[in-house]
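According to my numbering, the sequence shown is numbered sequentially starting from 176.
Take a look at the structure set out below.
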Amino acid sequence: MLGVQLVLAGIQLPSKYLRKEWKSLSLLLGPGMCAMWISTSLLVWAMVPDLSFLHALAIASCVTPTDPVLSNSVVKGKFADQNIPKELQKIITAESGANDGLGYPFLFLALYLIRYTGDGGLGSPGGAKTAMGYWFGISWGYVIIMSVVYGFVVGWIFKEALHWAEEKKWVDRESFLVFAITLAVCPPATVSPNTLI
Numbered sequence: 176m177l178g179v180q181l182v183l184a185g186i187q188l189p190s191k192y193l194r195k196e197w198k199s200l201s202l203l204l205g206p207g208m209c210a211m212w213i214s215t216s217l218l219v220w221a222m223v224p225d226l227s228f229l230h231a232l233a234i235a236s237c238v239t240p241t242d243p244v245l246s247n248s249v250v251k252g253k254f255a256d257q258n259i260p261k262e263l264q265k266i267i268t269a270e271s272g273a274n275d276g277l278g279y280p281f282l283f284l285a286l287y288l289i290r291y292t293g294d295g296g297l298g299s300p301g302g303a304k305t306a307m308g309y310w311f312g313i314s315w316g317y318v319i320i321m322s323v324v325y326g327f328v329v330g331w332i333f334k335e336a337l338h339w340a341e342e343k344k345w346v347d348r349e350s351f352l353v354f355a356i357t358l359a360v361c362p363p364a365t366v367s368p369n370t371l372i
């Protein structure tokens, strides 16, 4: 369901929206998400007895991203059309769609630190240097950057294929939703970053 909602969030936005609103999105996704992650971590750490701060960071990383399914109920429908400005609806849709992938580095930073520095350094050998190496190399280099490249290439190829099929009259506009859902629920098999450790 989440994958379908993310694809639909991207489709709902106007063409070149990310180029136009990159400053607003950068503020929401950069400092905004970091502040939410740290404040949620502090709240979890304060409320759960005998929980290490690293574990609180891992828990907070799971609730920091805004769910596009939930935000869709806020920005779509009769109430939203009457009470929420269109530009605010678009920025909420864009932010909630983009931040799900950006919750990944928060989670894996905490998990790598727990694994390699947790229990006073009694976890897996390597320490903080190894944890940061895996975080930058696997989480950012392999998973995030390669996912962006893959998404761009596959999205562009399928966009061109869809336009070509539309020109040939092999597909009509009503089928575009099915196309988007198929693209969302049929991703290729991927290699888990944990198999690379």
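The C-beta atom is built at its ideal place from N, Cα and C for all residues, glycine as well.
Computed from a predicted structure; not experimentally measured.
Output needed for residue i: all residues of its chain with C-beta closer than 6 angstroms, excluding positions within five of it in sequence on either side, in chain order.
i	result
V346	A340
T357	none
V366	The predicted model places V366 with a pLDDT of 47, which falls under 50 and marks its position as unreliable; any figure quoted below should be read in that light. Nothing meets the Cβ criterion.
M211	T239
I186	A355
S246	I267, S271
Name the residue from the options whose alpha carbon lies nearest to the alpha carbon of residue i.
i	options	result
Y192	K261, G252, L226	K261
L288	A231, A269, Y325, N247	A231
L200	W331, Y325, I267	I267
I234	T215, S246, A221	T215
E270	I319, G205, A336, V223	G205
W310	L286, V329, V328	L286
L183	G330, M222, E335	G330
D275	V323, P300, Q264, Q257	V323
K265	P300, M208, L188, V353	L188
I319	Q257, A273, S248, W197	A273
Going along the chain, which residues of its own chain have a beta-carbon closer than 7 angstroms to the beta-carbon of residue i, five neighbours each way excluded?
i	result
G278	S236, T239, P240
I259	V250
M321	none
G308	none
Please work out which residues of its chain come closer than 8 angstroms, Cβ to Cβ, to residue i, disregarding the five sequence neighbours upstream and downstream, and give them in chain order.
i	result
F228	S216, W220
The stretch 277-293 contacting the stretch 224-243, beta-carbon criterion three pairs below 8 angstroms: yes
Whole beta strand (DSSP E) elements within the stretch 198-277, 3-residue minimum: none
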